[in-house]
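Residue numbers (the numbering used here): 7 to 75.
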């Protein structure tokens, strides 16, 4: 996030196109992170559940209930 702010700051101050490219690349990277983070977290959580690791404060196990149906 800091790189995006820095890129826009430098682009606005200098008007140089190389900082515009930096800002564009950081926006693309941010979009990729926004898309892939939930997918990765979901995969890690399912792998943990399958290996038997349960959250400490889990009240209900919807994955186990879905398997029983």
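In this text, a Cβ means the ideal position worked out from N, Cα and C, and glycines have one as well.
Is the beta carbon of residue i less than 8 Å from the beta carbon of residue j?
i	j	result
residue 69	residue 48	no
residue 6	residue 14	The structure shown does not extend to residue 6, since the chain is modelled only from 7 through 75, so no value can be given for it.
residue 9	residue 32	yes
Return helix, strand or coil for residue i, following the three-state DSSP convention.
i	result
residue 63	coil
residue 57	coil
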